[in-house]
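**Student:** First, the structure itself, so that you have it in front of you.
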DNA sequence: CCGCATTGGTTGACGCTACAACTGATTGCC
DNA sequence: GGCAATCAGTTGTAGCGTCAACCAATGCGG
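Chains as they are written, first to last, in the working numbering: chain G, 95 to 267; chain H, 95 to 267.
Spelled out as structure tokens, the structure:
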């Protein structure tokens, strides 16, 4: 117990307290809006978006779990509920009979298309529109530095949300 | 549905995706360390710290709930568990017989004193030490701008964590 | 001082997530 | 080929948070 802890300076402490407050409040705000307007949690929304952006609108469960930072049991439960609602379908994978493919249905695509505008509005209203262009760049850098530690393989980086214009994905057969 | 949604630019989207990833991963990291080393969730730690920093090491439940961004039922459940573990005590308030005072016990103070160094290490290792001094200032500003929207009354601002040196609080009777 | 809305707090039921245990398929190794 | 280890996924259980219902105390208007 060599008590050589480097305690936080005033500036560090102030920034940390605010970051903690942000990580507590922001997820609630996102969930509240999506739940109210589309009956989806932010996690479910992210999962559907990830599938929508994938080739064939399909992903193996393990891959999807990794991209959405979910444990496999969690994703399995969520997938069951989404399937019961007709938003995704699950089918056995042809090449690896252990694996399960999850695919967004048309209804799922419709739902996220319908939910996207409200969600983007929320993101703007609560975060992006409150920051200058410069601050958005700073945020990118700061979060990037932290994620290099927390998510070194960049599992979450490539994912979650396309916010491009138009429908979430081309509905090619 | 005038489809006049302002979609996100590439820069905005990139920053947003990273912020979301951060808000998903950071709480897990904090909980994991505290749970492993002290058997406390980050929320419980924050509540104990808030009490430790209060006059008489005591707060009314409602006040504590507000400061820790908890609903009253949530805090009530948590308080019951903390009380069962001997980390806090609850007693009726003298001036308002509806109210309940929560107070950290000596054992509670001991626990957070013991947990603090490891927690600060985690905060440094996962966030602060990965940023430049300048970035810490930027983070303070950015989070501040967002919190002005999400927490306009600054309920969480004044709270949660003192990371000053030495024991969490003077143990004056 | 009485009636009623409001506030402080607790409790119980339900939903979601983590964890452990398990099945079935696959890979590696001899 | 066969056995062990690993991997993909599901299921059950327990813990935590939310919501609704509830009780007790307060305060306010008449």
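Even for Gly, the Cβ is constructed at its ideal location relative to N, Cα and C.
Excluding the five sequence neighbours on either side, which residues of its own chain have a C-beta within less than 8 angstroms of the C-beta of residue 121 (chain H), listed in chain order?
**Tutor:** So the list reads 136, once near-sequence residues are dropped.
**Student:** Would you say residue 221 (chain H) reaches chain G, if we count a Cβ-Cβ gap shorter than 8 angstroms as a contact?
**Tutor:** yes
**Student:** Using the C-alpha atoms, what's the distance from residue 184 (chain G) back to residue 128 (chain H)?
**Tutor:** 37 angstroms
**Student:** Is residue 213 (chain G) buried or exposed, if buried means 16 or more other CB atoms sit within 10 Å of its CB?
**Tutor:** buried
**Student:** Return the bridge partner residues of residue 196 (chain G) from the DSSP annotation.
**Tutor:** G:153 and G:184
**Student:** Note down, in chain order, all residues in the region 192-215 of chain H with a beta-carbon under 8 angstroms from any beta-carbon belonging to chain G.
**Tutor:** 210, 211, 214 and 215
**Student:** What in chain H is Cβ-close to residue 126 (chain G), meaning under 8 angstroms?
**Tutor:** Here the premise fails: no neighbours, minimum Cβ distance about 11 angstroms.
**Student:** Identify the contact partners of residue 245 (chain H) in chain G, using a Cβ-Cβ distance below 8 angstroms as the criterion.
**Tutor:** Under a criterion of Cβ atoms nearer than 8 angstroms, the residues of chain G adjacent to residue 245 (chain H) are, in order, 115 and 119.
**Student:** Give me the chain H residues within the contact set of residue 233 (chain G), using Cβ-Cβ distance strictly less than 7 angstroms, ordered along the chain.
**Tutor:** 109, 113 and 236
**Student:** Determine the extent of the alpha helix (DSSP H) in which residue 239 (chain G) is found, giving its start and end residues.
**Tutor:** 227-244
**Student:** Cβ of residue 155 (chain G) within 7 angstroms of any heavy atom in the ligand HEM?
**Tutor:** The ligand HEM is not part of this structure, which contains no ligands at all.
**Student:** Quick one: what's got a C-beta closer than 6 angstroms to residue 134 (chain G)'s C-beta in the same chain, skipping five residues either side?
**Tutor:** 128
**Student:** So, with DSSP's three-state summary, where would you put residue 98 (chain H)?
**Tutor:** coil
**Student:** For the alpha helix (DSSP H) containing residue 122 (chain G), name the first residue and the last one.
**Tutor:** 104-132
**Student:** Where does the unbroken alpha helix (DSSP H) through residue 247 (chain H) begin, and where does it stop?
**Tutor:** Element bounds for residue 247 (chain H): n/a, residue is neither H nor E.
**Student:** Can you give me the C-alpha to C-alpha distance between residue 150 (chain G) and residue 198 (chain G), rounded to a whole angstrom?
**Tutor:** Approximately 9 angstroms between the Cα atoms of the pair.
**Student:** Thinking C-beta only, is residue 241 (chain G) closer than 8 angstroms to residue 233 (chain G)?
**Tutor:** no
**Student:** Look up residue 163 (chain H) in the DSSP assignment and say whether it is helix, strand or coil.
**Tutor:** coil
**Student:** Between the alpha carbons of residue 115 (chain H) and residue 194 (chain G), how many angstroms are there, rounded?
**Tutor:** 25 angstroms
**Student:** Thinking C-alpha only, which one of G:167, G:166 and G:201 is nearest residue 179 (chain G)?
**Tutor:** Scanning G:167, G:166 and G:201 for the CA closest to the CA of residue 179 (chain G) turns up G:201.
**Student:** Going by Cα to Cα distance, which pick from G:187, G:125 and G:138 is closest to residue 177 (chain G)?
**Tutor:** It is G:138.
**Student:** Buried or exposed for residue 250 (chain H), please, with buried defined as at least 16 other CB atoms from any protein chain shown within 10 angstroms of its CB.
**Tutor:** buried
**Student:** How many Å lie between residue 173 (chain G) and residue 210 (chain G) at the Cα?
**Tutor:** 20 angstroms
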